[in-house]
Amino acid sequence: MSGEVVRVRYEFTEHVPLIHVPIPGRRNPVLVVPTTNKVTVEAKVTPEGRSLKLPANIPQEVVEIIIIFYSKLLEEVGIDASAEITAYIGNAAYVPYAYVAVTNAVVGALSGGIDEEILWAATTVDSALGVGDGVKALRFSAVKSRPYVWRSGEGIIEASRKFTTAISTVAVRDLSMLDEPAEVDTLTHLAGMAVVTAFRALEEKGTLQGLIPALRLANALWHALYGVELPATTRKETHAVVEGLRDKAIVLRVRSP
5 MSGEVVRVRY
15 EFTEHVPLIH
25 VPIPGRRNPV
35 LVVPTTNKVT
45 VEAKVTPEGR
55 SLKLPANIPQ
65 EVVEIIIIFY
75 SKLLEEVGID
85 ASAEITAYIG
95 NAAYVPYAYV
105 AVTNAVVGAL
115 SGGIDEEILW
125 AATTVDSALG
135 VGDGVKALRF
145 SAVKSRPYVW
155 RSGEGIIEAS
165 RKFTTAISTV
175 AVRDLSMLDE
185 PAEVDTLTHL
195 AGMAVVTAFR
205 ALEEKGTLQG
215 LIPALRLANA
225 LWHALYGVEL
235 PATTRKETHA
245 VVEGLRDKAI
255 VLRVRSP
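The opening residue of the sequence shown carries number 5 in my numbering; numbering runs sequentially from there.
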């Protein structure tokens, strides 16, 4: 960044890794979809010091990891800069997106803008912090307007149809694998097929109803690998298990807007 004070304002659409099952040692694809919620982040960056001031409305569970990301980012690029953040979370229901939105805004302020190349570079810092692929994939929502499939180390495939879902958080679970899976190749294949099936359904139908078979498969894999159970539900309710931060799984209720 230059020697001047930089002020930026970004308006992001909250996204979620709707279908993705993390399996240690494997790079499974992630289907990322937008929600109806908006997050606005303002950042003021000065070229001195290395302090970071965050607003009180940032969920406490992501504050620490945002601070660590900022410190690691400055270390990687070799500069001094202090940042003051203002965030308008609104009705955002997926807590990890606050981490993505704030750190994307900081990256944009330091680099002079946000593009795909800059976002790929930011994921290397995520990896150093142990952030999972489900959350890393959300970075690219800053430059995409439709659902997309992301896979670590590969390209991004964006859907041709628009699609939006409304979400609410039902439960947060600790993420711990029950046992080392014996058929890890088979499970990895099924996890990939859930994403492929969902993406095809979006391309053909563009409706939440079309995603239900893939959601059921992904949720079953979450249960088989991690023991994540869905709440009692009615026929009109649809749930999705998604990856959170710091070894957490989040159960979402999803519906058409």
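Using N, Cα and C, we set each Cβ at its ideal position, and we do this for glycine too.
Just so we're clear, the structure is a prediction, and the values are computed from it rather than from any experiment.
Secondary structure remark: continuous alpha helix (DSSP H) runs of at least 4 residues inside the region 45-132, in chain order: 64-81, 100-115, 120-132. By the criterion of a C-beta distance shorter than 7 Å, glutamate 247 is surrounded in its chain by Pro21, His24, Pro26, Gly136, Gly138, Val139, Ala253, once the five residues flanking it on both sides are discounted. Nearest to alanine 113 by C-alpha distance, out of Asn95, Tyr92, Leu77, Thr127, is Leu77. Within its own chain, the residues whose Cβ lies closer than 8 Å to the Cβ of proline 59, once the five positions on either side in sequence are excluded, are Ile89, Thr90, Ala91, listed in chain order. Here DSSP, grouped into helix, strand and coil, assigns alanine 202 to helix. In this structure, the straight-line span from the alpha carbon of arginine 13 to that of serine 172 is close to 26 Å. Shown here, asparagine 223 sits in a helix according to DSSP, grouped into three states. The way I'd put it, the region 120-128 doesn't touch the region 218-229; fewer than three beta-carbon pairs between them come closer than 8 Å. Taking one beta carbon from each stretch, the region 30-41 and the region 141-153 have 3 or more pairs nearer than 8 Å; the two touch. Looking at Leu249, Leu182, Asp189, Phe167, the one whose alpha-carbon comes closest to that of serine 260 is Phe167. Per DSSP, the continuous beta strand (DSSP E) segment holding aspartate 178 begins and ends at 170-178. Here alanine 141 has Pro21, Val34, Val36, Trp154 as same chain residues with Cβ atoms under 6 Å from its own Cβ, once five neighbours each way along the sequence are excluded.
Counting the other CB atoms within 10 Å of its CB gives leucine 182 a total below 16, which places it among the exposed residues. Annotated three-state conformation of histidine 193 is helix, per DSSP. Distances from the alpha-carbon of alanine 102 to those of Ser115, Phe73, Asp84, Ala85 put Phe73 closest. For lysine 252, there is no enclosing alpha helix (DSSP H); the enclosing beta strand (DSSP E) has its first and last residue at 252-259.
Using a 10 angstroms sphere on the CB of histidine 19, the tally of other CB atoms reaches 16 or more, which defines it as buried.
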